[in-house]
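*Asks:* Please find one structure pasted underneath; my questions will follow.
2 protein chains.
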Amino acid sequence: MFAVGSSSAHQPSRTLLEKYGLRATRQRLGLAKLLFSKGDRHVTADALAAEASAARMAASLATVYNVLNLFAEVGLVRGLAIDGSKTIFDTNTSDHGHFFFEETGEIEDISAQGLNIAEEIEPPEGYEIVRVDVVVRLRRKTGASLPS
Amino acid sequence: MFAVGSSSAHQPSRTLLEKYGLRATRQRLGLAKLLFSKGDRHVTADALAAEASAARMAASLATVYNVLNLFAEVGLVRGLAIDGSKTIFDTNTSDHGHFFFEETGEIEDISAQGLNIAEEIEPPEGYEIVRVDVVVRLRRKTGASLPS
DNA sequence: CTGTGTGCAAACTCTTTGCATAAGT
DNA sequence: ACTTATGCAAAGAGTTTGCACACAG
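Order-wise, the sequence lines are chains A and B. When we follow my numbering, the leftmost residue of the first sequence carries the number 1, and every step to the right adds one. When we follow my numbering, the leftmost residue of the second sequence carries the number 149, and every step to the right adds one.
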């Protein structure tokens, strides 16, 4: 299994795409570059489209959705349903949990320390664990001087 | 004048609502009854509205949403974002994880065994853990048959 | 009676889709 | 060339909202 894991991959995007049997189109290359050249990322389709636009890459929102879904299908990224409204795409496909900062909506990976939960959980008869999603919701600690 | 509406038996739902400072309206009582008299449940607004309708309770979808959101706010239920599209409301507000059956979309509580994750995780400086959501995605075991 | 909740439908957001055009191999 | 992806806009799904009426306290 190729673990095109997260961050270290600095290989050309087109090689990456070909490795997954995907045609190397301009927008796929551009989006892949945005996704995989900055370390692990958590983006919404919306945000990625905006980024692409800012980088003067042509990529309609519909295409960004198509590409992200495609990438998710082949395992290049992973879709997360954390807050319910927007789907967040995570470029880190390894087993790990997430901190969710409720105030800002930001997301941060949890170093997969005590997260060997998959091994501690007994799946029901006849079922196997596909993956385990762990989301730790955080709130800024209310200052010692502040009530409520 | 004590125009006792209908049922004469006990109204735990009414007491429950009052306990949370909520006005005991007909639909809140009805929905609360549906939610809390059958043990722990996982419902979508849609499904609950259908149930209410089947039970000949008048409750528009908008009201079901309002009521569920209200219940979630005061802590009577908890909203879950598991699959991204629909929000699922869980009547079990205690700390526990969920099995998610990918084929059917069904959800089942995980007996809070090794799920003391909250205690194993170190939140970032200045933040406190609000809650930990654990979703174990399951797929029916393929290939190898079950012990027969 | 007074204020709040409800119902309806329209509005909204996020995401998907159909079809003509453009691009990749 | 032949196939597949893209772009646009419209359709869809889920959820929220504004306003008149009904109901609870």
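Note that the Cβ used here is the ideal one computed from N, Cα and C, for glycine as well.
1. Closest to THR104 of chain A by C-alpha separation, out of A:LEU138, A:MET57, A:PHE36, would be which residue?
2. Quickly, what does DSSP pair ILE107 of chain A with across the bridge? List them, please.
3. Closer than 8 Å, CB to CB, is TYR127 of chain A near chain B or not?
4. For ASP90 of chain A, list the residues DSSP reports as bridge partners.
5. Output, in chain order, the set of chain B residues within a Cβ distance shorter than 7 Å of ARG78 of chain A.
6. Give me the Cβ distance between LYS33 of chain A and SER13 of chain A, rounded to the nearest whole Å; I'm assuming they're in contact under 8 Å.
7. Using a Cβ-Cβ distance under 8 Å, would ALA229 of chain B count as near chain A?
8. Alpha carbon to alpha carbon, what distance is there between GLY30 of chain A and ASN240 of chain B?
9. Is there a Cβ of chain A sitting closer than 8 Å to that of ASP281 of chain B, yes or no?
10. Considering only residues of the same chain and omitting the five flanking positions on each side of TYR168 of chain B, which have a CB-CB separation below 8 Å?
11. Please go through the same chain and pick out, in chain order, the residues whose beta-carbon is closer than 7 Å to the beta-carbon of GLU199 of chain B, but skip the five residues on each side of it.
12. Need the endpoints of the beta strand (DSSP E) that GLU276 of chain B sits in, please.
13. For GLN175 of chain B, collect the residues of the same chain with a Cβ closer than 6 Å to its Cβ; drop the 5 residues on either side in sequence, then sort them by chain order.
*Replies:* Concretely, from the data shown:
1. A:LEU138
2. According to DSSP, residue pairing for ILE107 of chain A in a beta bridge involves A:PHE100.
3. yes
4. A:HIS42, A:ARG78
5. Here the premise fails: no neighbours, minimum Cβ distance about 11 Å.
6. Confirmed, about 5 Å.
7. yes
8. For ASN240 of chain B and GLY30 of chain A, the distance between alpha carbons rounds to 45 Å.
9. yes
10. VAL222, GLY223, LEU224
11. LEU182
12. 275-288
13. ALA207, THR211
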